[in-house]
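As they're listed, the protein sequences go chains A and B.
No gaps in the numbering here: position 55 of the first sequence is 523 in our numbering, and each next residue is one more.
No gaps in the numbering here: position 331 of the second sequence is 799 in our numbering, and each next residue is one more.
Every residue gets a Cβ at the ideal spot worked out from N, C-alpha and C, and that includes glycine.
I have placed the structure first, in the form of structure tokens, so that the comments after it can refer back to it.
Number of protein chains: 2
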Amino acid sequence: MHMLEIPRPYLIFIGDNPEPLDVKTGLGILEWRPDWCMGQYRFDGGCDLGLRDFDPHAAAAAGAATMVVGGASFGGKLPPNWEAAIAEGIEAGLNVASGLHDRLHSRPHLVERAAAKGVRLFDVRSLPPGFSPPVASGVRRNGKRILTVGTDCAVGKKFTALALERDMRAMGMKATFRATGQTGVLISGGGLAIDAIVADFLAGAVELLSPDNDADHWDVIEGQGSLFHPAYAAVSLGLLHGSQPDAFVVCHEAKRDQVLGYEAFPTPDLQACIDLHIANGRRLNPDIRCIGVSLNTSQLTPEARAGVLAAVEERLGLPCVDPAVTGTKPLIAQLTA
Amino acid sequence: MHMLEIPRPYLIFIGDNPEPLDVKTGLGILEWRPDWCMGQYRFDGGCDLGLRDFDPHAAAAAGAATMVVGGASFGGKLPPNWEAAIAEGIEAGLNVASGLHDRLHSRPHLVERAAAKGVRLFDVRSLPPGFSPPVASGVRRNGKRILTVGTDCAVGKKFTALALERDMRAMGMKATFRATGQTGVLISGGGLAIDAIVADFLAGAVELLSPDNDADHWDVIEGQGSLFHPAYAAVSLGLLHGSQPDAFVVCHEAKRDQVLGYEAFPTPDLQACIDLHIANGRRLNPDIRCIGVSLNTSQLTPEARAGVLAAVEERLGLPCVDPAVTGTKPLIAQLTA
């Protein structure tokens with residue numbers, strides 16, 4: 469295994485981002501892994517996520533293991549003052565993790581100093597150095613798997629997977645979120661940004677991501693793209709095949725009637741979406757089934773929500789939840805139904 | 469457009485390969501593009517493809533444009549005596565094209581000499597230098613498209629596409645073979661080895677490969693892998709979506725009952741294969757349809773062949789040909805049916 473594993477706890481680097489919404493990754497880590505966040509490091513004018521403030525040396529002294537770049541920068545670039553802050557983190561003995569387009573490894577002085585200090589740099593957008601995924605074997609693994617799939621990009625596949633993991637654990641089940649995108653990798657401290665992988669090795673990488681496990685253990689695998697997406701369906705199919713899911717959840721956003729950026733393409737009917745996932749997925753797991761729908765209802769009024777969820781349940785004969793509002797327990801109940 | 473275009477005519481480099489079967493690419497070029505082959509260059513003991521013998525300087529003087537490495541080497545390596553022959557080709561003013569694992573561009577002295585002589589090096593296994601495929605648009609292009617798909621790898625998708633192009637042209641139709649693998653690229657002098665592409669950009673690269681064309685022009689696109697392959701289905705779906713085919717041909721080898729190297733996976737039923745391609749393909753082209761089956765019958769006795777082809781036709785209600793024996797005209801007839 470050469471999956472990422474980012475040492476914890478984290479010092480969240482905010483820099484000069486004034487708006488919490490621009491520190492999305494930091495907010496995500498804080499929401500899903502609050503115990504891992506030991507503090508925040510911000511410049512004058514940087515927003516407050518409510519964590520204790522540290523500079524890198526004080527954070528290292530207080531036990532921080534990794535400084536995580538918690539927000540986006542303009543155009544994904546590494547601004548000079550961020551670069552200086554990262555160098556400071558390295559000097560303090562911290563590992564550094566970043567999802568910026570501008571890779572830490574593209575800065576020789578950072579790479580050199582990290583090697584000299586014995587700390588690691590994680591560019592979660594690219595593959596770990598030296599990682600070369602195998603061709604998929606198609607062999608079934610032990611343990612169980614859920615995949616979150618979608619009608620489009622950005623409909624809540626990551627959120628749903630994280631919510632399932634949280635609710636399953638709260639119910640005493642063994643569950644592990646498996647990240648397949650950079651934000652998920654930073655939130656969960658592991659996984660692989662699979663959109664960086666050459667198509668021939670995609671399913672093989674996903675097999676590595678979700679290895680053999682206990683018979684009663686569930687991997688909850690973050691989906692990407694959509695089988696119905698005009699550009700990204702190949703990624704979604706590699707993920708569906710490599711995951712060999714026993715169960716899947718269809719994620720959708722209420723009122724999303726067209727694929728984002730592709731107005732000519734309506735989002736698929738939910739039943740058609742279920743059917744196509746079964747048609748493709750049963751090749752690797754003949755028992756694949758849909759356990760329900762995760763509907764992001766943030767575009768609906770609170771009054772309209774319950775009726776919309778109930779109508780979907782009625783039409784499909786499957787539970788329909790909004791994980792941010794109702795949680796995911798009705799979906800989980802299907803696993804033993 | 470940044471697709472490859474390899475200048476012609478070709479000097480086929482055979483080297484010391486004693487067996488024509490080890491000079492497969494050379495044989496393929498000779499079969500499908502005989503007019504492009506002006507000669508062969510071989511060492512003592514190298515086999516004879518029946519072309520006129522030249523050394524690189526004599527070939528250049530006789531009008532050769534590109535020296536094409538026509539065969540495989542042990543482990544895909546570039547042996548020292550081949551490297552010397554390639555250097556000789558460059559000195560003679562020839563471009564050089566190769567599908568070896570060991571890239572021409574990995575040899576600085578070759579790259580340097582090629583630049584000095586003003587000739588080009590083509591490593592058809594990797595993307596052309598500077599080529600960065602776009603994200604697919606999903607927009608329909610003018611002209612028509614056929615894709616050859618398969619029940620497995622190595623069932624005749626490239627052969628079928630080349631045979632369709634030849635037969636369509638013989639019938640006075642406008643048709644262009646579009647290569648998606650290294651051998652097809654060398655045979656046809658253009659295209660793209662799409663298995664080198666990161667999954668997010670796969671469909672986008674295929675859109676480039678088969679651009680707008682005349683309303684009565686057919687691109688015949690070489691398929692890769694199979695939607696039913698446990699490792700490579702992602703490649704096949706990217707190709708299906710990016711091609712937006714109006715028509716597809718299912719390629720299969722008679723008696724291939726299991727996926728090569730994946731004994732646990734039976735090759736799919738032909739009707740199931742047609743159905744899954746339509747289920748996935750109609751998202752990008754609602755008019756997609758199957759025009760028939762291309763069956764490689766090389767594992768059957770000549771006596772058994774006709775009966776097997778007829779039985780498939782009967783069962784599916786579609787033409788079934790072996791392009792190496794019967795040609796592809798019954799498939800082409802379906803295009804106007």
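- Closer than 8 Å to chain B by CB, F599(A): Closer than 8 Å: no.
- Item | Validate contact between the stretch 647-665 of chain A and the stretch 703-717 of chain A using beta carbons, cut 8 Å, 3 pairs | Contact check between the stretch 647-665 of chain A and the stretch 703-717 of chain A: three or more CB pairs, one atom from each, fall below 8 Å, which counts as touching.
- With a 10 Å radius around its C-beta and 16 neighbouring C-beta atoms as the bar for buried, classify C511(A) as buried or exposed. A small fix is needed here, since residue 511(A) is Phe in this sequence, not Cys. An exposed status is given to F511(A), since fewer than 16 other beta-carbon atoms sit within 10 Å of its beta-carbon.
- Item | Helix, strand or coil at C515(B) [DSSP, three-state] | In the three-state reduction of the DSSP assignment, C515(B) falls in the coil class, being assigned neither a helical nor a strand state.
- Item | Same chain, Cβ closer than 7 Å to Q726(B), neighbours up to 5 away in sequence not counted | Cβ neighbours of Q726(B) within its own chain (closer than 7 Å, five residues either side excluded): F733, P734, T735.
- Task: Run the CB neighbour count on M636(B), radius 10 Å, all protein chains shown included, and call it buried at 16 or more, exposed below.
- Result: Counting Cβ neighbours within 10 Å, M636(B) comes out buried, since at least 16 surround it.
- Task: Specify whether the stretch 770-784 of chain A and the stretch 601-619 of chain A touch according to this definition: at least 3 beta carbon pairs, one from each stretch, less than 8 Å apart.
- Result: Taking one beta carbon from each stretch, the stretch 770-784 of chain A and the stretch 601-619 of chain A have fewer than 3 pairs nearer than 8 Å; the two do not touch.
- Message: I'd like to check one pair, E690(A) with K797(A): are the Cβ atoms closer than 8 Å?
- Response: The answer is no: Cβ separation not under 8 Å.
- What whole-angstrom Cβ distance do G557(B) and P524(B) have, given they're in contact under 8 Å? The Cβ separation is near 4 Å, so the contact holds.
- Item | Straight-line gap, S766(A) to E721(A) (C-alpha atoms, nearest Å) | Their backbone Cα atoms lie some 8 Å apart in a straight line.
- For L654(B), is the classification buried or exposed, using 16 other Cβ atoms within 10 angstroms of its Cβ as the cut-off for buried? With 16 or more other Cβ atoms from the protein chains shown falling within 10 Å of its own Cβ, L654(B) counts as buried.
- Going by C-alpha distance, which of A530(A), L568(A), F522(A) is nearest G543(A)? Among A530(A), L568(A), F522(A), the Cα nearest to that of G543(A) belongs to L568(A).
- Starting from P679(A), find everything on chain C with Cβ-Cβ shorter than 8 Å and list it in chain order. Looking for chain C here will not work: the only protein chains present are A and B.
- Query: Taking a cut of 9 Å between CB atoms, which residues from the stretch 475-490 of chain B lie near chain A?
  - Reply: So the list is empty, because no residue satisfies the distance condition.
- Query: Shorter than 8 Å from the beta carbon of P698(A) to some beta carbon of chain B?
  - Reply: Yes, P698(A) lies at the interface with chain B (some Cβ there is under 8 Å from its Cβ).
- Message: Please classify R520(B) as buried or exposed, where buried requires at least 16 neighbouring CB atoms within 10 angstroms.
- Response: Its Cβ having fewer than 16 others within 10 Å, R520(B) is exposed.
- Query: Any idea what DSSP makes of R757(B), helix, strand or coil?
  - Reply: R757(B): strand per DSSP, three-state reduction.
- Taking Cβ positions only, does H709(B) come closer than 8 Å to chain A? Answer yes: the Cβ-Cβ gap between H709(B) and chain A drops below 8 Å somewhere.
- Query: Looking only at its own chain, which residues have a Cβ that is under 6 Å from the Cβ of M506(A), when we skip the five neighbours before and after it?
  - Reply: Take M506(A), set aside five residues on each side of it, and the residues of its chain with a beta-carbon closer than 6 Å to its own are P477, A532, in chain order.
- What first and last residue would you give for the beta strand (DSSP E) that runs through T644(B)? For T644(B), the enclosing beta strand (DSSP E) starts and ends at 642-646.
- Task: Could you tell me if D668(A) is buried or exposed, where buried requires 16 or more neighbouring beta carbons within 10 angstroms of its beta carbon?
- Result: D668(A) comes out buried.
- Task: Determine the direct distance from the alpha carbon of G672(A) to that of G561(B), and round the result to whole angstroms.
- Result: Rounded to the nearest angstrom, the two C-alpha atoms are 43 Å apart.
- Message: I'd like to know whether the C-beta of F733(B) is nearer than 8 Å to at least one C-beta of chain A.
- Response: At a cut-off of 8 Å between beta carbons, F733(B) contacts chain A.
- Query: So with Cβ pairs under 8 Å, would you call A458(B) a contact of chain A?
  - Reply: There is no way to answer for residue 458(B), as the model of chain B reaches only from 469 to 805.
- N- and C-terminal bounds of the beta strand (DSSP E) containing K723(B): Neither: K723(B) is in no beta strand (DSSP E) and is coded neither H nor E.
- Query: Closest Cβ-Cβ distance between Y509(A) and chain B: below 8 Å?
  - Reply: For Y509(A), the answer is no, since every Cβ of chain B falls outside 8 Å of its Cβ.
- Item | Cut-off 8 Å between Cβ atoms - residues of its own chain near A555(B), not counting five sequence neighbours on either side | If we look at A555(B) and ignore the five residues flanking it on each side, its Cβ neighbours are H577, L578, R581.
- Message: Below 8 Å, how does it come out for the stretch 783-800 of chain A and the stretch 487-505 of chain B: are there three or more Cβ pairs, yes or no?
- Response: Here the stretch 783-800 of chain A does not lie against the stretch 487-505 of chain B, with fewer than 3 beta-carbon pairs under 8 Å apart.
- For A535(A), write down the residues that DSSP places opposite it in a beta bridge. Reading off the sequence shown, one finds Met at residue 535(A), where the question assumed Ala. Beta-bridge analysis with DSSP links M535(A) to L479(A), V564(A).
- At a CB-CB cut-off below 7 Å, which residues of chain A make contact with V455(B)? Nothing in the structure corresponds to residue 455(B), since chain B is present only between 469 and 805.
- Item | C758(A) and V718(A) closer than 8 Å at C-beta | Contact: yes.
- Output the distance between the C-alpha atoms of H470(B) and L707(B), rounded to the nearest integer angstrom. Interpretation of H470(B) is limited by its pLDDT of 48, a score under 50 that renders its predicted location unreliable; the figure taken from the coordinates is listed afterwards. Cα to Cα, the separation comes out at about 18 Å.
- Query: Using a C-beta cutoff of 8 Å, does R751(B) count as contacting chain A?
  - Reply: It does: the Cβ of R751(B) has a partner Cβ on chain A nearer than 8 Å.
- Message: Against chain B, does D570(A) count as a neighbour if the rule is that its beta carbon must be under 8 Å from one of theirs?
- Response: False, the Cβ-Cβ gap to chain B never drops below 8 Å.
- Message: I'd like the span of the beta strand (DSSP E) that includes W686(B), first residue to last.
- Response: Per DSSP, W686(B) is one residue of the beta strand (DSSP E) stretching across 685-689.
- Residue interval of the beta strand (DSSP E) (run including V617(B)): Run containing V617(B): 612-618, per the beta strand (DSSP E) assignment.
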